[in-house]
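Colleague:
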Amino acid sequence: MGGIGGLIGLLGLAVGIFAVVHPRGIMRLFSSAGMMSAFKNKKIEGSFSSKNNKTVGSWTLAPKACVAGKERGFHGMAFSFAPEAPVDEVRLHMRGNGRDIVEVRMADEKGTRIRVHERHCKVVTGQVRRSNVTINGRHMYRLSGWVRYDCPRAHIKGKASFDGCLPVTLGGASARR
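Each residue of the sequence shown is one higher than the one before, counting from 352 in this note's numbering.
1) State buried or exposed for D459, treating a residue as buried only when at least 16 other CB atoms are found within 10 Å of its CB.
2) At 4 residues or longer, what runs of the alpha helix (DSSP H) sit wholly inside the segment 386-454?
3) Could you name the residues that DSSP lists as bridge partners for D501?
4) Under 8 Å between C-beta atoms, does V418 make it to chain B?
5) Assuming R470 contacts E454 (C-beta within less than 8 Å), just tell me the rounded distance between them.
6) For P491, which option in C516, V475, V467, Q478 has the closest C-alpha, if you only look at C-alpha atoms?
7) Report yes or no: do the segment 401-414 and the segment 475-485 share at least 3 C-beta pairs separated by less than 8 Å?
8) I'd like to confirm the pairing. Which residues does DSSP put opposite T485 in its beta bridges?
9) Hey, F513 and K394 are a contact pair by Cβ (cut 8 Å); roughly how many whole angstroms apart?
10) Would you list the residues sitting across from G514 in a DSSP beta bridge?
11) Report yes if the CB atom of T411 is closer than 8 Å to the CB atom of S398, and no otherwise.
12) Using alpha carbons as the reference points, say which of P518, I486, S495, A505 lies closest to A511.
13) Could you check whether M445 and H426 sit closer than 8 Å to each other, using their CB atoms as the reference points?
14) Report yes if the CB atom of A436 is closer than 8 Å to the CB atom of V418, and no otherwise.
15) Shortest alpha-carbon distance to V498 belongs to which of K461, K508, R489?
Okay, here's the thing in C-alpha cells:
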C-alpha cells in the first residue's frame, strides 16, 4: 500500500491503540484516539502528609491521580502518587454516619497500611459529586469536589480538590489494583 492511503493507514495504527505501562507493573490498552482526554484528571491538587507515624513514617506528597473506590471494591475514593513515592494510595472509605475511614497504603513489599476511623480524627469532611460515564462500554464514576482530613492521634492529615478521578490517567499515575 503506497501513497496517501498507506500514510492514512499508518496514522490510524499509530493513534488507534494506546498503552499505559506503569513502573509497578500495570498495563492498560485503549482503542480510540479520543480516549486520551477522556481518561485525564482535569484537575487534582492538594497535599497529604504523615509526621512521625510509627507505622508509615514521615512524608508529604501531592496526589497525581484519583479514582472512585468502586474501582478498588469499596465506597469512597483513592488518591495515588508518583511512582517513586513511599505511599501507594490514600483511601477515603465514605461510609457516612461517623463511620468514615482514612487508609494509608504504603508502596512497600510488605503491604504496610494504617486505617484510622473517623472517631479518632479531628475532622474527615468533603464534598464529592459523582456522575456516571461510559467509555468503551465500561460504566464508571467521574468524581469532582474536595476532601479534607486531620487525624492528630495518627499524625496524618490531607486535603485535595479534584475533577476527573477516572480509573487510568495517561501521563500520570495509573490504577494499580
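We put the CB at the ideal spot given by N, CA and C, even for glycine.
It should be emphasised that the depicted structure is a prediction, and the values quoted were computed from it without experimental measurement.
Modeller: On the basis of the data shown:
1) By 1-based counting over the sequence shown, the position of residue 459 is 108. That one is exposed.
2) 386-389
3) Your numbering for residue 501 matches position 150 in the sequence shown. Its beta-bridge partners are V474, K508.
4) This model lacks chain B altogether; it includes just one protein chain.
5) Taking the sequence shown and counting its residues from 1, the one referred to as residue 470 is at position 119. Taking the sequence shown and counting its residues from 1, the one referred to as residue 454 is at position 103. With a Cβ gap of about 15 Å, R470 and E454 do not count as contacting.
6) If you number the sequence shown from 1, residue 491 lands on position 140. According to the sequence shown, residue 491 is Met rather than Pro. Comparing Cα positions, the closest option is C516.
7) no
8) Within the sequence shown, numbered from 1, the residue matching residue 485 stands at position 134. For T485, which the question treats as bridged, DSSP gives the partners H490.
9) Position 162 of the sequence shown, counted from the first residue, corresponds to residue 513. Position 43 of the sequence shown, counted from the first residue, corresponds to residue 394. Sure, about 6 Å apart at Cβ, within 8 Å.
10) In the sequence shown, counting from the first residue as 1, residue 514 sits at position 163. The displayed chain sequence assigns Asp, not Gly, to residue 514. Beta-bridge pairing links D514 to K394, S495.
11) The count along the sequence shown starts at 1 and reaches residue 411 at position 60. The count along the sequence shown starts at 1 and reaches residue 398 at position 47. Against a cut-off of 8 Å, the Cβ pair of S398 and T411 comes out as a contact.
12) Locating residue 511 in the sequence shown gives position 160, where the first residue counts as 1. Closest option to A511, Cα to Cα, is S495.
13) If you number the sequence shown from 1, residue 426 lands on position 75. If you number the sequence shown from 1, residue 445 lands on position 94. By the CB criterion at 8 Å, H426 and M445 fall inside the cutoff.
14) Walking along the sequence shown from the start, residue 436 turns up at place 85. Walking along the sequence shown from the start, residue 418 turns up at place 67. Not closer than 8 Å, so no.
15) Against the sequence shown, residue 498 aligns to sequence position 147. Of the listed residues, the one whose Cα sits closest to V498 is K508.
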